[in-house]
Structures are given as C-alpha cells and as structure tokens.
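Trainee: Take a look at the following structure, please.
Residue numbers (full-length UniProt numbering): 1 to 322.
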C-alpha cells in the first residue's frame, strides 16, 4: 500500500481505476479505497458496500431497499433449513453466496416434492448459502461504470453459456433498473449484474459482481469509455457504438464449433465468427493474441498435467483453467 501511495504522489495521479476482475482479489482492492481516497479519486466502492454487493443475500436486500423488482432470497446456514422451508410449490435455486470459479457446478434447482439437496454440501454458519426463488426467461448481463450514484458507461448483452460473447442490446427495463439501483445506493466504480427477464417482462437481478467485467470489451471501438471513468460528461452515458460488431474469444469459439456441428449450425457459427471481432486480436499489435494462444495456455495446461490438477475448461477472458 505504501508503494502505491508513493507512486500516486510521485506521478501526480488524479484517479485510480481498479481493473482486477477476480472475486477474491477485488475485496482487498476495495479495502484500499479509504487509504487511496486521501490522495486521489478512486473509482471503486468502499469496503462495506463492496461486500454487500458481492454477497447474493445482502445484494437481494439492497434490491428490495431500492424498491425494485426482486426475488425471494433466504440465507441458509444448515442444509436442513431447505427441508424445513415452506417453498409453496415454487422452484428455488440453492447456490453459494459469492462467486467462485466452480460456483456454476455447485448450483442446483430445488424442485418441491421431487428433488432435495444433497446433505453433504458445505453449508454452515461460517459458510452460508443462498436459497433464491427461480424464475425462467431470457438471461442478460449488464455492466455499469458509476460515479457518485450516476451511470457514466453502460452496456447490456444477452447471456451465453460461458459469457464470452458480447453484443450490445438495448433492453429498456434493464437500463432503468440499473439506473435506479445505482442512484439509490450512490454507487461508485464498476459493477455488473446478471438478469433474467421473466415471462411478465419484468427484469430480475439475480446477482451482482462489483468489479470490472469482461463485458467491457463491447467498448472496443468506442472513444467514450476512458472519459466515462476519468472525466464524465455531466449528463452523458457512454455506450458501445451503434453497429459495433459482436465480440468473442477465438479459442472459445473453436470450442463451440463441435456443438455447432452436432446441431448442424456450422454455417451460422461461421457467419457469426466472420462478422464478429476477437476480444484480443488487433492488427496493430498481434503479439498478445499470439502469445495467449501459443504460449500462455499451453504452459497452463502443461503445468496442470504435471501437477495432476483437474480442470474442465479454459476461461479465455480471465486467462485461467477452470
């Protein structure tokens, strides 16, 4: 921390914009905000708000406090509470309170009278889980850059299997939800939300990631994102440019090819690939793209094999094996 403060002083830094997108490292970054804020502006929420946003149960409480559409959400500290809960014939999802790289594999839908959670889940007072009413519909992710309760940059994309495809779409209900939530809690920094728009057309936010998100690649050809972080217009909101091509990671798209062939959608896959843009490749500087595919991930795979570590897929956006 002292070294960072020394750099801020020596370089005359006006604004610090954290770019860490890992849940475990984003909280320590937020913890540094009170110290850094004594020397410059920091585009991040204070530690208390960061924790409330990151925890699915407390995030649900923030949504309710803002007067926005919300799903019934309960904190579970003993798996027996699920058996004792009055689920009123509805479907619920049981999941860890915070995101982890394996969280998607630990979620399960609790179907009343037909399915029950396994009793060996690591649920306890020091490791509570969340029971949330399940809603079906179209899934979206939305990202917002915020300054003192005002959205200065915004993008929304339809969700994909690994959330590695981004193409900005306007869903008015989601935009106004984000606008009102950010204002209600005077958020700072960068936050992203996962939404499900139900059959009734109402957007329901199921969780929040209070940190930079890979959705920012949707701004790849926008000149407005930097200003939205550093010197935003009083009323403007930066968005990806109209007509901006969809963004993908080539490695992830090659992984989707097998699925496209199985479903006989290879032509559609090729068309999407041709009209989209790789998130990393740039003709002016192709080296990062080449190193990522030919050095970084091969080394990660070899290390995992040597250490006999299990992994299931490559996360091209974060540069990790999951």
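Beta carbons are placed, not taken as given, at the ideal position from N, Cα and C, and that holds for glycine.
1) Quick one, are the C-beta atoms of residue 250 and residue 278 less than 8 Å apart?
2) Measuring only the C-alpha atoms, how far is residue 292 from residue 164?
3) Where does residue 235 land, buried or exposed, given buried means 16+ other C-beta within 10 angstroms?
4) Taking residue 54 as part of the alpha helix (DSSP H), name the residues at either end of that continuous run.
5) Scan the stretch 221–251 and note each continuous alpha helix (DSSP H) run of 4 residues or more that stays entirely inside, going in chain order.
6) Cutting at 6 Å between CB atoms, please list the residues of its own chain near residue 152, excluding the five before and the five after it.
7) Here's a check: name, in chain order, each residue in its chain whose Cβ is nearer than 7 Å to the Cβ of residue 104, leaving out the five neighbours to either side.
8) I think residue 198 touches residue 135, with their Cβ atoms under 8 Å apart; what is that distance to the nearest whole Å?
9) What residues match up with residue 144 in a beta bridge as DSSP calls it?
10) Since residue 289 contacts residue 281 with CB under 8 Å, what's their CB separation in whole angstroms?
11) Under a Cβ-count criterion, where at least 16 other Cβ atoms within 10 Å of its own Cβ denotes burial, should residue 253 be classed as buried or exposed?
12) Per DSSP, what kind of secondary structure is residue 180 in: helix, strand or coil?
13) Smallest Cα separation from residue 44: which of 12, 275 and 149?
14) Give the range of the alpha helix (DSSP H) segment to which residue 207 is assigned.
15) When the Cα atoms are used, what is the spatial distance from residue 324 to residue 311?
16) Using 8 Å as the threshold, is the C-beta distance between residue 192 and residue 213 below it?
17) What do you get for residue 38, buried or exposed, if any count of 16 or more other CB atoms within 10 angstroms of its CB means buried?
18) Skipping 5 residues on each side, what residues in its chain have a beta carbon closer than 8 Å to that of residue 124?
19) Relative to the alpha-carbon of residue 137, which residue among 203, 223, 317 and 41 has its alpha-carbon at the smallest distance?
20) Assuming residue 66 and residue 181 make a contact with CB atoms under 8 Å, what is their CB distance in whole Å?
21) Suppose the cutoff is 8 Å on Cβ atoms and the five residues either side in sequence are ignored; what does the same chain contact list for residue 34 look like?
22) State the Cα-Cα distance for the pair residue 266 and residue 80, rounded to the nearest angstrom.
23) On the DSSP bridge list, what partners appear for residue 196?
24) Identify, in the order they occur along the chain, each residue of the same chain with its Cβ nearer than 6 Å to the Cβ of residue 238, setting aside the five sequence neighbours on each side.
25) Whole angstroms are fine: how far does the CA of residue 57 sit from the CA of residue 69?
26) What does residue 278 pair with, by DSSP beta-bridge criteria?
27) Along the beta strand (DSSP E) that carries residue 263, what are the first and last residues, could you check?
28) What's the C-alpha gap between residue 5 and residue 40?
29) Go ahead and pull the three-state DSSP assignment for residue 175.
30) Would you grab the beta carbon distance between residue 128 and residue 172 for me? Rounded to a whole angstrom, and I think it's under 8 Å.
31) Please state the DSSP three-state secondary structure of residue 73.
32) Hey, could you find the ends of the beta strand (DSSP E) residue 9 is sitting in?
33) Can you look up residue 91 in the DSSP assignment and give me helix, strand or coil?
Mentor: So, from the listed chains and residues:
1) Against the chain shown, residue 250 aligns to sequence position 250. Against the chain shown, residue 278 aligns to sequence position 278. Their beta carbons are under 8 Å apart, which means residue 250 touches residue 278 by this criterion.
2) Counting from one through the chain shown, the residue named residue 292 turns up at place 292. Counting from one through the chain shown, the residue named residue 164 turns up at place 164. When rounded, the separation of the alpha-carbon atoms in residue 292 and residue 164 is 16 Å.
3) For this step, residue 235 is matched to residue 235 along the chain shown. Classification of residue 235: exposed, given that the 10 Å Cβ count is below 16.
4) In the chain shown, residue 54 corresponds to position 54, counting from 1. That run of the alpha helix (DSSP H) goes 47–54.
5) 225–230
6) Residue numbering aside, residue 152 sits at position 152 when the chain shown is read from its first letter. Excluding positions up to five away in sequence, the list reads 145, 228 and 232.
7) Numbered from 1 along the chain shown, position 104 holds the residue referred to as residue 104. Summary for residue 104: the model assigns pLDDT 44, below 50, so the residue's position carries little reliability, and this model does not support an answer.
8) Mapped onto the chain shown, residue 198 falls at position 198. Mapped onto the chain shown, residue 135 falls at position 135. About 5 Å; that satisfies the 8 Å criterion.
9) For the purposes of this step, residue 144 is taken as residue 144 along the chain shown, with counting starting at 1. Within the DSSP bridge table, the entry for residue 144 names 154 and 191 as partners.
10) Translated into positions along the chain shown, residue 289 becomes position 289. Translated into positions along the chain shown, residue 281 becomes position 281. Right, their Cβ atoms sit about 4 Å apart.
11) Here the question's residue 253 lines up with position 253 in the chain shown. Burial call: buried.
12) Indexing the chain shown from 1 puts residue 180 at position 180. In the structure shown, residue 180 sits in a helix (DSSP, three-state: H, G or I).
13) Numbered from 1 along the chain shown, position 44 holds the residue referred to as residue 44. Nearest of 12, 275 and 149 to residue 44, Cα basis: 149.
14) Residue numbering aside, residue 207 sits at position 207 when the chain shown is read from its first letter. Note, residue 207: premise wrong, no alpha helix (DSSP H); beta strand (DSSP E) at 203–209.
15) Outside the displayed span of the chain (1 to 322) sits residue 324, for which this structure offers no information.
16) For this step, residue 192 is matched to residue 192 along the chain shown. For this step, residue 213 is matched to residue 213 along the chain shown. Yes, Cβ-Cβ distance for residue 192 and residue 213 is below 8 Å.
17) Indexing the chain shown from 1 puts residue 38 at position 38. Residue 38 should be labelled exposed.
18) As a first step, residue 124 is located in the chain shown; it is residue number 124 there, counting from the start. These residues qualify, in order along the chain: 77 and 78.
19) Start at 1 with the first residue of the chain shown, and residue 137 comes out as number 137. Among 203, 223, 317 and 41, the Cα nearest to that of residue 137 belongs to 203.
20) Along the chain shown, read from residue 1 onward, the residue named residue 66 stands at position 66. Along the chain shown, read from residue 1 onward, the residue named residue 181 stands at position 181. Confirmed, Cβ separation roughly 5 Å.
21) Start at 1 with the first residue of the chain shown, and residue 34 comes out as number 34. Here the set comprises 46 and 47.
22) Taking the chain shown and counting its residues from 1, the one referred to as residue 266 is at position 266. Taking the chain shown and counting its residues from 1, the one referred to as residue 80 is at position 80. Straight-line spacing of the CA atoms in residue 266 and residue 80 works out to 47 Å.
23) In the chain shown, counting from the first residue as 1, residue 196 sits at position 196. Paired residues: 139 and 204.
24) Within the chain shown, residue 238 is the residue found at index 238, counting from 1. Excluding residues within five positions, the ones whose Cβ falls inside 6 Å are 153, 224, 225 and 228.
25) Working through the chain shown from its first residue, we reach residue 69 at position 69. Working through the chain shown from its first residue, we reach residue 57 at position 57. Approximately 15 Å between the Cα atoms of the pair.
26) Start at 1 with the first residue of the chain shown, and residue 278 comes out as number 278. 248.
27) Translated into the one-based positions of the chain shown, residue 263 becomes position 263. Premise fails: residue 263 is in no beta strand (DSSP E) and is neither H nor E.
28) Position 5 of the chain shown holds residue 5. Position 40 of the chain shown holds residue 40. So the alpha carbons of these two residues sit roughly 10 Å apart.
29) As a working note, residue 175 is residue 175 in the chain shown. Of the three classes helix, strand and coil, the one that applies to residue 175 here is helix, per DSSP.
30) In the chain shown, the residue the question calls residue 128 occupies position 128. In the chain shown, the residue the question calls residue 172 occupies position 172. Contact doesn't hold; Cβ gap of about 35 Å is too wide.
31) Locating residue 73 in the chain shown gives position 73, where the first residue counts as 1. Strand, per DSSP.
32) Along the chain shown, one-based indexing puts residue 9 at 9. Premise fails: residue 9 lies in the alpha helix (DSSP H), 2–11, not in any beta strand (DSSP E).
33) Taking the first residue of the chain shown as 1, we reach residue 91 at position 91. Strand.
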